[in-house]
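In my numbering, the protein residues as written are 22 to 445.
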């Protein structure tokens, strides 16, 4: 009996590692053969997911297609069509977002692979599990980023065998992980922190368990610190996460509940330790001091000069570039790549590419899905609204697509048990 239990534990541990790798390759895709090329790991997961889904339809007759996913597919096709029309009208060959429906299906079925792996190992797919894996993967990326920055051998292996295109980041003195750098990494960190804050204040299996609670809190704080050193976009998630934690505590306190008190006590204690450790490291290491000053430049500026100011926000103020004619406002100029217009701002880039038509449809794409999830899973309504806020806030800084997290919600058990059409 003990041998069977031991084998089961080993199998569970191996399965958990495989799930973590799948989530990492999903959230931070790299070439499947590293610097030697090969299909993107996201594409590999999508191929596997498509095969699994079709097997489920034709053999087991168990798979269903959520009605919301069908409508989202139609919106994605409409968005792609508008972008294609923009390139045709403007006689350009920048088809990046014209092929958005391909990216849409890739994320959808790669998410299915991740969900099915989690279901095989844990026999369920819920928000707590997905968030736990997101935390583990983001924590790994933060740790590996420090190792890359401090151990030449690790940097050599990553740069020469796992990922390419790190030279620009290295020249800027920025931390980077394996497929994790700049704003794309920052957005993923921000989303993960928001999800973690929501789960640790809403899921009793987390805030009611000392080990789970401390895991969530420690991961939240470590990603908040190191994540900002990789990309300051992480700060969006830090702020939203803290608002969720503080707001949830006071809401519970006002209603006479004390269920979150142990979590708040642990959070404050670990936060105090984190601050003291950060101060110590800041004062003993010149290299760490440079990373802290970059990651928290705004805070240093505020405390030293009384003005919140960062180099990136100053540059951002010069990037509000808009179309110069009516056609540009309506359908854009069909150019997105190569920083042609000299702006990083998401709103500007989308409008310049496919006009207000494209921007509006892309916004509706996220609004429709996240509001649909609000209706389908009312207990998670706050999270879905916060993710929608993140979309529109991040677009002030950079053009990004967060469908990779939305896609996973379609395969949650809580969603699959509702709002779906008959099996195909």
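From the three backbone atoms N, C-alpha and C, an ideal C-beta is built for every residue, glycine too.
Taking a cut-off of 8 Å on C-beta distances, the stretch 247-263 touches the stretch 214-224, as three or more cross pairs fall below it. In the displayed model, residue 181 falls within a helix according to three-state DSSP. Beta-bridge partners of residue 52 (DSSP): 61. When C-alpha distances from residue 388 are compared across 345, 40, 286, 423, the shortest belongs to 423. By the Cβ criterion, the stretch 329-346 is in contact with the stretch 361-368, since at least three pairs of Cβ atoms, one from each stretch, lie closer than 8 Å. Residue 324 has its alpha-carbon roughly 21 Å from the corresponding atom of residue 294.
In its chain, beyond the 5 residues on either side, 375, 378, 379, 382 have a beta carbon closer than 7 Å to the beta carbon of residue 103. The C-beta separation of residue 234 from residue 250 comes to about 25 Å, leaving the pair out of contact by the 8 Å criterion. Counting along the chain, the unbroken alpha helix (DSSP H) around residue 404 starts and ends at 402-415.
Rounded to the nearest whole angstrom, the C-alpha separation of residue 238 and residue 280 is 16 Å. Here DSSP, grouped into helix, strand and coil, assigns residue 420 to coil.
If you ignore the 5 residues before and after residue 156, its C-beta comes within less than 8 Å of the C-beta of 213, 217, 236, 237, 240, 241, 244, all in its own chain and listed in chain order.
Distance from the CA of residue 266 to the CA of residue 113, rounded to the nearest whole angstrom, comes to 48 Å. Going by DSSP, residue 311 is part of the alpha helix (DSSP H) stretching over 307-316. Cβ-Cβ distances below 8 Å link residue 51 to 61, 62, 183, 184, 199, 200 in the same chain, with the five nearest sequence neighbours on each side left out; the list follows chain order. Assigned with DSSP and collapsed to three states, residue 253 falls in coil, not helix or strand. Rounded to whole angstroms, the separation of the alpha carbons of residue 425 and residue 357 is 21 Å. Within the model, the alpha-carbon separation for residue 127 versus residue 333 is close to 32 Å.
Close CB contacts of residue 342 within its chain, under the 6 Å cut and outside five residues either way in sequence, are with 362, 364, 369 (chain order).
Note on geometry: alpha-carbon atoms of residue 78 and residue 291 lie some 48 Å from one another.
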